[in-house]
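Residue numbers for the sequence shown follow our numbering, so the first one is 1 and each next one is one higher.
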Amino acid sequence: MSHIERKNGVVTMKPGIDIVASQCAGLKQEFLEIINGGENKIIIDLAGTEMIDSSGIGLLISIRNSLVNYGGGEIELLNLSGDLKQLFKVMKLDNHFKIS
1 MSHIERKNGV
11 VTMKPGIDIV
21 ASQCAGLKQE
31 FLEIINGGEN
41 KIIIDLAGTE
51 MIDSSGIGLL
61 ISIRNSLVNY
71 GGGEIELLNL
81 SGDLKQLFKV
91 MKLDNHFKIS
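If you want it as structure tokens, here you go:
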């Protein structure tokens with residue numbers, strides 16, 4: 001289970017694990033609970049996340065689309081490792097996610 005903190009209308013979620021196929025169902029449920037609770041600004045702190053596979057990328061894109069395209073929300077990714085930053089850049093996902 002991810003560490004989740006709510007402060008000033010912003011939800012910060014820190015999975016602390018790799019975002020891979022075997023973890024996606026649980027993470028998706030956590031995201032849906034946040035979104036269905038009416039919160040639409042999410043920061044995902046990826047400190048401690050070393051790997052994101054294609055299922056994890058798909059999950060992040062799905063959550064981003066739910067927030068931004070349908071709910072007028074925002075999503076931000078924090079503390080990506082150098083390899084993950086490179087992955088997002090190569091896939092041009094840095095055009096769709098705010099990365100800090």
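Ideal placement from N, C-alpha and C gives every residue a C-beta, glycine not left out.
Presumed contact (8 Å Cβ cut-off) between residue 51 and residue 20, rounded CB distance: Rounded to whole angstroms, the Cβ separation of residue 51 and residue 20 is 6 Å, and the two are in contact under 8 Å.
Can residue 67 and residue 44 be called in contact, C-beta distance under 8 Å? Using a Cβ distance threshold of 8 Å, residue 67 and residue 44 do not count as a contacting pair.
Taking only the alpha-carbon atoms, compute the straight-line gap between residue 53 and residue 7 and give it to the nearest angstrom. The alpha-carbon atoms of residue 53 and residue 7 are separated by roughly 30 Å.
Assumed close pair residue 79, residue 27 - CB separation to whole angstroms, cut-off 8 Å: Between residue 27 and residue 79 the Cβ distance is about 16 Å, and since that is not below 8 Å, they are no contact.
Taking the CB atoms as reference points, tell me whether residue 31 and residue 63 lie closer together than 8 Å. Cβ atoms of residue 31 and residue 63: closer than 8 Å.
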